[in-house]
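**Student:** Counted the way this note's numbering counts, the sequence shown spans residues -19 to 362.
Glycine included, each C-beta is placed from N, C-alpha and C at the ideal position.
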Amino acid sequence: MTNSALQALFTQQYGSDAQGVVSAPGRVNLIGEFTDYNQGYVLPCALTFRTQVLYRLRNDNNVNVISTMYPNEQESFEVNQTITQGSSQWGNYIRAVAFVLNRAGHQLNGVDLLIESNVPQGSGLSSSAALEVAIAGMFNHVCGLNLSEEQIALFGQEAENDFMDCQCGIMDQLISAKGQQDQALLIDCQNLQTQAVTIPTDLSIVIVNSNYPRKLVDSEYNRRRIDCEQAASKMGLTTLRDANLTLLAQTKPQMSADEFARAHHVITENDRVIAATKALANNDIEQLRILMTASHQSLKHDFEVTVPATDGLVQICQQALGDRGAVRMTGGGFGGAIVCLCRHEDVAVIQQAVEQQYFAQCNLQADIYVCTAGNGLTVQPY
Ligand code: ADP
Ligand code: MG
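1. Under three-state DSSP, which class holds A353?
2. Would the beta-carbon of I95 be found less than 7 Å away from any heavy atom of ligand 1?
3. Indicate whether D326 and G305 have their beta-carbon atoms separated by less than 8 Å.
4. Consider the C-beta atom of Y201 and the heavy atoms of ligand 1; say whether any pair is separated by less than 7 Å.
5. Return helix, strand or coil for P288, following the three-state DSSP convention.
6. Alpha carbon to alpha carbon, how far is R75 from N39?
7. Would you say Y50 touches ligand 1, meaning its beta carbon is less than 7 Å from a heavy atom?
8. Please determine whether the Cβ atom of S275 lies at a distance below 7 Å from any heavy atom of ligand 2.
9. For L127, which residues in the same chain have their Cβ closer than 6 Å to its Cβ, ignoring the five residues on either side in sequence?
10. Excluding the five sequence neighbours on either side, which residues of its own chain have a C-beta within less than 8 Å of the C-beta of G0, listed in chain order?
11. Heavy atom of ligand 1 less than 7 Å from the Cβ of S47, yes or no?
12. Quick one: is the Cβ of Q(-13) within less than 7 Å of any heavy atom of ligand 1?
13. Considering just the uninterrupted stretch of the beta strand (DSSP E) at R204, what are its terminal residues?
14. Mind reading off the beta-carbon distance from A(-2) to L94? Whole number of angstroms is fine, and I expect it under 8 Å.
15. Does ligand 2 have even one heavy atom less than 7 Å from the beta-carbon of S106?
16. Classify I254 as helix, strand or coil using the three-state DSSP reduction.
17. Between N191 and A340, is the Cβ-Cβ spacing less than 8 Å?
18. May I ask which residues mark the beginning and end of the beta strand (DSSP E) holding Y35?
19. Within the present structure, is the beta-carbon of L111 separated from the nearest heavy atom of ligand 1 by less than 7 Å?
20. Given this structure, state the Cα-to-Cα distance separating E209 from T219, to the nearest angstrom.
21. What are the boundary residues of the beta strand (DSSP E) that includes A323?
22. So the beta strand (DSSP E) T48 belongs to, where does it begin and stop?
23. Using the beta-carbon count (16 or more within 10 Å), is M(-19) buried or exposed?
24. Can E112 and E129 be called in contact, C-beta distance under 8 Å?
25. Beta carbon of S103: closer than 7 Å to some heavy atom of ligand 1?
26. Could you tell me which residues DSSP pairs with P379 in its beta bridges?
Right under this line is the structure:
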């Protein structure tokens, strides 16, 4: 929807004009999967797919929300009193953010809101984090909360952890809040320090969504997190960040097979993120290929979060690109998307290979997005 159409819709719905728009992007993770909640390293970039929130301050405590994605629904609740789950699944994300801000003692105002997004949902590109960061950024702006981008991201994560019951780490919200155009961000999830890495101009980021129907994602996701915490604790550590392969081998007899394998993934993945950051900075596609292939294999065999559809897509794209590209699954797994890094002229090679082979192999249609790295959270008063 165009900006003027959105503003017209807002005015039609609420009877007065929006005061501005807050927007936050989805993201793709280039490497460093399931390392964030283990206080490790990740290397994502923000996308140009964004979730926009048009807002108008009210002079009461009511929050009213509509979303162009759910045209016949409206969400309403009151701030500055105990906020509980409502019956709208998407509406709960808005409640979640208000809940954690209230809980931290922030005084919120009522607002009228209109949400519009072109972040693909449930594809592993984190439409949920884009929504949380946009909503937290909106409250921050209209209520004058003076939060930093980092604090906005942390509230977004808390919303997902404590209200939506998904024990995600900080990566998605932090990159959505702090992303920079044409840059990937190396994030140290232990102290939230970031280092921007310029994405070489001759490199394309191609995301292929498997469209595999994701099931049990949150419960499996939370289960993996528990395995990691237990593995760390058996090594005498608070998090896997401080683990290494020697300590892991010594502790193997006390661990379940799952705990060992999950920890093995995290320890090796952290090393791959650091190596990939250098390779990206050096535009070294060969090294990126080796690291991303190893990451995918580790996610398949050690972390066990791939499915035949994502394994199949990775194989199709790897075969098509040969040594000219780097490919792996990306995001929370159990379906979702894969990411390829290649030269611009090889994008067509991916498109052709996926069109010719994916449906025949997996009985699903893929969506292909050729992406560039976009900016993080923005606030734009009209
Ligand atoms: P993803 O991988 O995209 O983050 P999730 O299942 O974590 O997938 O989050 C998707 C959920 O986020 C949707 O089911 C919906 O509740 C919410 N959501 C995302 N985009 C929008 C939107 N534009 N309007 C309303 N809710 C949205
Ligand atoms: Mg999500």
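**Tutor:** Let me spell this out:
1. Note: A353 maps to strand in three-state DSSP.
2. Yes, Cβ of I95 sits closer than 7 Å to a heavy atom of ligand 1.
3. Yes, the Cβ-Cβ distance between D326 and G305 is below 8 Å.
4. No - ligand 1 has no heavy atom lying nearer than 7 Å to the Cβ of Y201.
5. In the structure shown, P288 adopts helical secondary structure according to DSSP, grouped into three states.
6. Whole-angstrom Cα-Cα distance: 19 Å.
7. Remark: the C-beta of Y50 is in contact range of ligand 1, defined as less than 7 Å to any heavy atom.
8. No; taking the cut-off as 7 Å, the Cβ of S275 has no heavy atom of ligand 2 nearer than that.
9. Answer for L127: N120, listed in chain order.
10. Around G0: L34, Y35, H121, V359, Q360, P361, Y362.
11. Checking the Cβ of S47 against ligand 1 gives yes.
12. No; taking the cut-off as 7 Å, the Cβ of Q(-13) has no heavy atom of ligand 1 nearer than that.
13. Unbroken run through R204 is the alpha helix (DSSP H), 197 to 214; no beta strand (DSSP E).
14. Indeed they touch by this definition, with Cβ atoms about 7 Å apart.
15. Yes, ligand 2 has a heavy atom inside 7 Å of this Cβ.
16. Three-state result, I254: helix.
17. Result no, Cβ atoms of N191 and A340 do not sit closer than 8 Å.
18. 21 to 37 is the extent of the beta strand (DSSP E) around Y35.
19. Because some heavy atom of ligand 1 lies under 7 Å away, the Cβ of L111 counts as near it: yes.
20. Here the alpha carbons of T219 and E209 stand approximately 7 Å from one another.
21. The question names Ala, but residue 323 in the sequence shown is Arg. Unbroken beta strand (DSSP E) run through R323: 317 to 323.
22. Element bounds for T48: n/a, residue is neither H nor E.
23. Classification of M(-19): exposed, given that the 10 Å Cβ count is below 16.
24. The answer is no: Cβ separation not under 8 Å.
25. Placement of the Cβ of S103 at a distance of less than 7 Å from at least one heavy atom of ligand 1 is found.
26. Residue 379 lies beyond the range of the chain shown here (-19 to 362); nothing can be said about it.
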